[in-house]
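These notes are about the structure you will find just below.
Chains as they are written, first to last, in the numbering used here: chain P, 1272 to 1497; chain D, -3 to 326.
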């Protein structure tokens, strides 16, 4: 196992498939799944600062989860692992969504202040709710599809802060255990989507490297259904 | 002082323009030598004409009114304008008609390299030639165009636009569910597709299995035998259409450039029967596509079988540069 730049320098379409791996919340579970599928993950598990790791079967490219669709759509990675929340937010990225990997299960929810009616009140009396979120496009689409008016405010940091200090009436965010919500006196009002990790593939790689993509998907399917 | 231009548009400067012109002339020469004549149509059309061509509504990016209050639109592809030309100007002409074009079209996409809102398309339309031989001629011209551009590693995906739609109808899936399922397939969401298929309560296990397996069936001739084993009238019809097209391609010596793909679905609403998509290993984006549109001419009052393809010139140029870079290394 090497952590050289060999896999990066190789021209597109040659050598092992390039897999975009999400650093962050999904990282450990993604590596465990690769292990279970018999792929060596010692490289990315080590404390190396490298971003790219060559294994005999795959070149592993590590990045932010929200960058995965960008790299895969462009074909700079042939396949990738990322959350459904990222795919929902970046629906205009044309990638194949091949497999539900099952891990990283979370809910995309609309939450408001505990026991506080201001969400509905704002809509009724002021014409629109103010909603803070890191997922502005998902939020816009959700309110549009449910026939409601909302002002969507994009924030980059802790979304829970916004309703506490009056920036917004509520939030749309990804919730795992719900602890952060509870600690900030927020409660789930509506569930928008169930999100898990997904295997995605580049449109051209899905065609021109069909056998390799299918075999990887099959191994990961077997590994996650154990 | 810099002055902005609208998002998704760009200026082309001499170094790039020289290479683009070289590519365009190579392609124009290839088409002309095969009996295709060049046509040009206005970049603006009445919106009604574009919408007539695509029942789901043409994916136009720019619409506006002229001085008489007529709704106009920038064309979103070249096939619909050429269908209009043929129905208006070529009634009673000797068939088939062979046209090629090089022109700009406009779509509301997220701008990135090789995908602008104003883009240059080059392609051919073969009007009045039936499947399978008309389709095979189009594939042959496409292969010649790719070779003329130096993209000899490019592969042509060949699928069937009616297969999945007809299969769903045949096993009695209602309109609404059918639209949802086709949308999942068109947006390449195979996880969502599995979910929708699982939710179709009333269908049998064998049919469910067929619906699940088709989108991943792509490869060489062996795909036809595998599809045959799946059974069902819709699959059988599509398989025999594909077999005929594949054999016609083989007769013209271009079958080895074709990848059969039962999961293929184009995002334009006028395709019927054979559909095409073009891939090059040096580029992550699709180079172009096409197929048969046997019903489009009828919507303009001149029912004629027809097929064609369109290639994105800028993407071909990027692929050329990549292929050169790879070639230079080895």
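Idealized CB from N, CA, C, for every residue including glycine.
In the DSSP annotation of this structure, the continuous segment of the alpha helix (DSSP H) that includes residue 246/D starts and ends at 229 to 247.
In this structure, DSSP gives residue 1438/P a state outside helix and strand, which the three-state scheme calls coil. Taking 3 residues as the minimum length, the beta strand (DSSP E) runs contained wholly in the stretch 9 to 42 of chain D are 40 to 42, in order along the chain.
In summary, the residues of the stretch 1355 to 1374 of chain P whose CB is separated from some CB of chain D by less than 9 Å are 1355, 1358, 1362, 1363, 1364, 1365, 1366, 1367, 1368, 1369, 1370 and 1371, in the order they occur in the chain. For a Cβ distance threshold of 7 Å, nothing in chain D lies close to residue 1286/P: the least Cβ distance comes to about 12 Å. Identification of chain P residues near residue 209/D by a Cβ-Cβ cut-off of 7 Å yields none; the smallest Cβ-Cβ distance measures about 11 Å. Taking 8 Å as the threshold, the shortest C-beta distance from residue 277/D to chain P falls below it. Contact check between the stretch 67 to 86 of chain D and the stretch 289 to 301 of chain D: three or more CB pairs, one atom from each, fall below 8 Å, which counts as touching. Residue 1485/P belongs to the set of residues whose beta carbon lies under 8 Å from a beta carbon in chain D.
For the pair residue 76/D and residue 46/D, the CB atoms are nearer than the 8 Å cut-off.
The Cβ atoms of residue 274/D and residue 307/D sit closer than 8 Å to each other.
Residue pairing by DSSP puts residue 97/D in a beta bridge opposite 119/D. For residue 1492/P, the enclosing alpha helix (DSSP H) starts and ends at 1481 to 1495.
Residue pairing of residue 1378/P in beta bridges, as defined by DSSP: 1446/P and 1465/P. If you draw a straight line from the Cα of residue 104/D to the Cα of residue 57/D, it is about 5 Å long.
Residue 1495/P counts as buried, since no fewer than 16 other beta carbons sit within 10 angstroms of its beta carbon. Within chain D, the residues 280 have their CB atoms less than 7 Å from the CB of residue 1473/P, given in chain order. Using beta-carbon distances, residue 1351/P does not count as an interface residue toward chain D, since no partner is under 8 Å. Judged by DSSP in its simplified three-state form, residue 107/D adopts coil rather than helix or strand. Neighbourhood of residue 1347/P in chain D, by CB distance below 9 Å: 280, in chain order. The DSSP-derived three-state label of residue 314/D is helix. Nearest neighbour of residue 323/D by Cα position, chosen from 217/D, 146/D and 258/D, turns out to be 146/D. For residue 1413/P, DSSP records no beta bridge to any residue. Note on residue 213/D: 16 or more other CB atoms within 10 angstroms of its CB, so buried under the neighbour-count rule. When secondary structure is reduced to three states using DSSP, residue 219/D falls in the helix class. For residue 1478/P, the residues of chain D that pass the 8 Å Cβ criterion are 151, 153, 214, 255, 257, 273 and 275, in the order they occur in the chain.
Straight-line measurement puts the Cα of residue 1412/P at about 43 Å from the Cα of residue 126/D. Measuring C-alpha to C-alpha distances from residue 1331/P to each of 1392/P, 1377/P and 1349/P identifies 1349/P as the nearest. Taking residue 301/D as the centre and dropping the five residues before and after it, the same chain places the C-beta of 126 and 290 closer than 6 Å to its C-beta, in chain order. For the stretch 1450 to 1470 of chain P, the residues whose beta carbon sits under 8 Å from a beta carbon of chain D are, in order, 1469. Not a single CB atom of chain D sits nearer than 8 Å to the CB of residue 1301/P. Cβ-Cβ separation between residue 193/D and residue 210/D: approximately 11 Å, too far for a contact (criterion under 8 Å).
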